[in-house]
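These notes concern the structure reproduced below.
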Amino acid sequence: MAASLGAQQLTRSGAAHQRQRTCLRPVPRVLVPGRALVQHHLQSACAASKLEDVPLFSDSSSLLGGAPKTSSTSAAAAQKAGPTKVEDVPLNSELGLDYSTLRDYLAAGDVRKADDETRAMLIKMAGTGAVQRGWVYFTEIPSIPAADLQTVDQLWRAASGNRFGYSVQKEMWVQAGKRWPKFFKAINWVQGENNVYLKWPAEFIYTYEAPKGHMPLTNALRGTQLFQAIMEHPAFAKGVGGTAGMSIDERSKLSGKDTLKF
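Using the numbering used here, you'd call the opening residue of the sequence shown number 4 and step up by one each time.
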């Protein structure tokens with residue numbers, strides 16, 4: 004029996020070693036600051052591997068396939084998790100962008116697709132250069148109109164019952180003393196005793212029952228400059244035209260009244 008167990012362990016070890024040789028380097032997320040646009044195709048052997056062998060993030064991590072931690076995508080499940088009506092959030096945009104797809108994904112409870120759409124919309128917000136390269140420089144974040152970031156944030160907050168969204172993450176980041184390790188642990192983006200940062204799509208939780216602040220995702224594998232730029236945007240600054248800490252109703256009224264004054 005010991006010999007049989009030893010053989011099984013050798014077999015698993017050999018398979019893992021072969022997978023590591025085949026997919027030697029993970030593909031970084033397209034939103035990593037200062038990094039070239041990653042090609043969407045992988046080596047044939049990598050393309051055939053499991054989702055856990057493909058790293059976060061592309062502009063649409065759903066294209067990677069696999070079975071992430073996700074709940075039913077029915078509207079009934081979404082309403083149970085997020086009692087506030089996401090359909091009531093005004094889709095304000097100074098850039099002329101359409102956030103209805105994001106709203107519909109959130110209303111349907113499809114958190115995975117909503118996260119992908121958020122990432123895609125952030126690229127569009129950042130301008131032509133970001134769209135052409137397929138990812139965002141952290142230096143492009145300050146030029147994004149507050150109204151657009153707040154619309155995305157309001158949609159996430161409404162759908163999740165004020166548990167997800169950039170302003171929720173901002174509040175938790177400040178509560179953590181702006182210490183990234185403590186913040187990442189609070190929103191469950193790390194694992195193990197050494198608080199290793201999650202990097203595979205299936206490691207995150209795509210449900211409204213995930214820990215507070217867990218969504219939307221922003222890559223920090225290569226540094227926190229992009230995430231910090233979002234957190235420090237005036238859209239989420241109290242007393243500077245921002246709405247962090249306001250209720251959904253207060254934020255909606257503000258957006259409807261002074262959309263162009265941010």
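Think of the CB as a built atom: it goes at the ideal place given N, C-alpha and C, for glycine as much as any other residue.
### Message
Assuming contact is defined by CB atoms lying nearer than 7 Å, are PHE187 and MET218 in contact in what I supplied?
### Response
no
### 7 Å Cβ shell around THR121 - same chain, five flanking residues per side excluded
LEU105, VAL155 and PRO219
### Query
What's the C-alpha gap between TRP159 and LYS185?
23 Å
### Task
State buried or exposed for SER103, treating a residue as buried only when at least 16 other CB atoms are found within 10 Å of its CB.
exposed
#### Entry: Meets three-Cβ-pair contact criterion under 8 Å: the stretch 161–175 and the stretch 233–242
yes
### Message
Using the three-state DSSP reduction, which class does ILE147 fall into: helix, strand or coil?
### Response
coil
### Query
Can you name, in chain order, every residue of its own chain whose Cβ lies under 7 Å from the Cβ of ARG24, other than the five neighbours on each side?
Reliability of the predicted coordinates at ARG24 is poor, the pLDDT of 41 falling under 50, and the value obtained from them is presented with this limitation in mind. Same-chain partners within the cutoff: there are none.
### Query
Which residue's Cα is closest to the Cα of GLU97: ALA123, MET128, ARG115 and LEU109?
MET128
### Query
When the Cα of ILE2 is compared with those of LYS241, GLU143 and ASP107, which residue comes out closest?
In the structure displayed, the chain extends from 4 to 265; residue 2 sits before or after that span and is not available.
### Message
I'd like to know if the stretch 109–120 and the stretch 130–140 are in contact, where contact means that at least 3 CB-CB pairs between them fall below 8 Å.
### Response
no
### Query
With DSSP run on the structure shown, which of helix, strand or coil describes ILE190?
coil
### Message
Checking the sheet assignment: what are the DSSP bridge partners for TYR200?
### Response
VAL193
### Query
Exposed or buried, which one is ASP119 when buried takes at least 16 other CB atoms within 10 Å?
buried
### Query
Does the distance from the C-beta atom of VAL89 to that of ALA110 stay below 7 Å?
yes
### Message
Using a Cβ-Cβ cutoff of less than 8 Å, which residues in the same chain neighbour ILE190 once the five nearest sequence positions on both sides are dropped?
### Response
GLN172, MET175, PRO214, LYS215, GLY216 and HIS217
### Query
Taking Cβ to Cβ, would you say THR227 is nearer than 7 Å to TRP183?
yes
### Query
What are the start and end residues of the alpha helix (DSSP H) that includes TRP138?
TRP138 -> no alpha helix (DSSP H), and no H or E assigned at all.
### Query
Within 10 angstroms of its Cβ, does PRO148 collect 16 or more other Cβ (buried), or is it exposed?
buried
### Among GLN153, TYR140 and ARG136, the one whose alpha carbon lies nearest that of PHE230
TYR140
### Query
Going straight from the alpha carbon of ILE208 to that of GLY180, what length do you get?
25 Å
#### Entry: Whole-Å CB distance - PRO145 paired with ALA223, under 8 Å assumed
PRO145 to ALA223, Cβ: 19 Å. No contact.
### Task
In the DSSP assignment, find the unbroken alpha helix (DSSP H) run with VAL177 in it and report its ends.
169–178
### Query
Alpha carbon to alpha carbon, how far is ARG225 from LYS202?
11 Å
### Task
Within 10 angstroms of the Cβ of ASP101, are there 16 or more other Cβ atoms? Answer buried if so, exposed if not.
exposed
### Message
Within 10 Å of its beta-carbon, does ASN95 have 16 or more other beta-carbons around it, so buried, or fewer, so exposed?
### Response
buried
### Message
With a threshold of 8 Å on Cβ separation, who are the neighbours of LEU152 within its own chain once the five nearest residues in sequence on each side are excluded?
### Response
MET128, TYR169, ILE233, HIS236, ALA238 and PHE239
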